[in-house]
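Take the sequence shown: its letter number 58 is residue 58 in the working numbering, and every next letter is one higher. Here's the structure we're looking at; comments come further down.
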Amino acid sequence: NNNKMGIIIINFSILGGLIYIIIPHVREKIFQKKLLRMTPQQASSALFQHMRQQLRLSDNTTVDELAEHSRFFCPESVLYQALNVLLYCHNPAELSAMTARQLAEAYIQWQASKKRFEKEQAKTRKQNKK
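This is how it looks when you write it as structure tokens:
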């Protein structure tokens, strides 16, 4: 009886761990798919908010400040320029020709660079502890 309860607890623990790992990945994929159905202006606003949240930056952060915080893993990106134009430009003639799909692709590259950087940082911290 105690063995069965132990196995049930272990299975729920494993299931809980898998859910904890999988949910953020699923949310991210859903977000990326939603971007493709948005206008470039809507996508830029959603991306900017999402990127600030990922870097734990305040709502008052500008695109240039976001780029500065991202410089270690993604120093040059058309994404920053497109966000600047799409978010701050008031002249429709100057709006970027970047589509929501291109914004999403640039964001995916930004995010991949961020993940690589975070893995490298964790590896360096681990090596420094030795």
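A virtual CB, placed ideally from N, CA and C, is assigned to each residue, including glycine.
Considering Cα atoms alone, identify which of the options is closest to residue i.
i: Leu-132; options: Leu-66, Leu-83 and Leu-15; result: This structure does not reach residue 132, given that the chain is present from 1 up to 130, and the question cannot be answered.
i: Ala-106; options: Glu-28, Leu-86, Tyr-80 and Lys-119; result: Tyr-80
May I have the straight-line CA-CA distance separating residue i from residue j, to the nearest angstrom?
i: Lys-133; j: Phe-48; result: With the chain represented from 1 up to 130, any question about residue 133 goes unanswered, as that position is not in the structure.
i: Thr-61; j: Ala-43; result: 17 angstroms
i: Cys-89; j: Gln-41; result: 10 angstroms
i: Glu-76; j: Gly-17; result: 36 angstroms
i: Asp-64; j: Phe-73; result: 15 angstroms
i: Asn-1; j: Ala-122; result: 42 angstroms
i: Leu-66; j: Phe-12; result: 39 angstroms
i: Thr-99; j: Arg-56; result: 26 angstroms
i: His-25; j: Lys-4; result: 32 angstroms
Rounded to the nearest angstrom, how far is the Cβ of residue i from that of residue j, given a contact under 8 angstroms?
i: Gln-32; j: Ile-108; result: 7 angstroms
Can you check the segment 51 to 94 for any alpha helix (DSSP H) of at least 4 residues that lies completely inside it and give the ranges in chain order? 63 to 69 and 78 to 88
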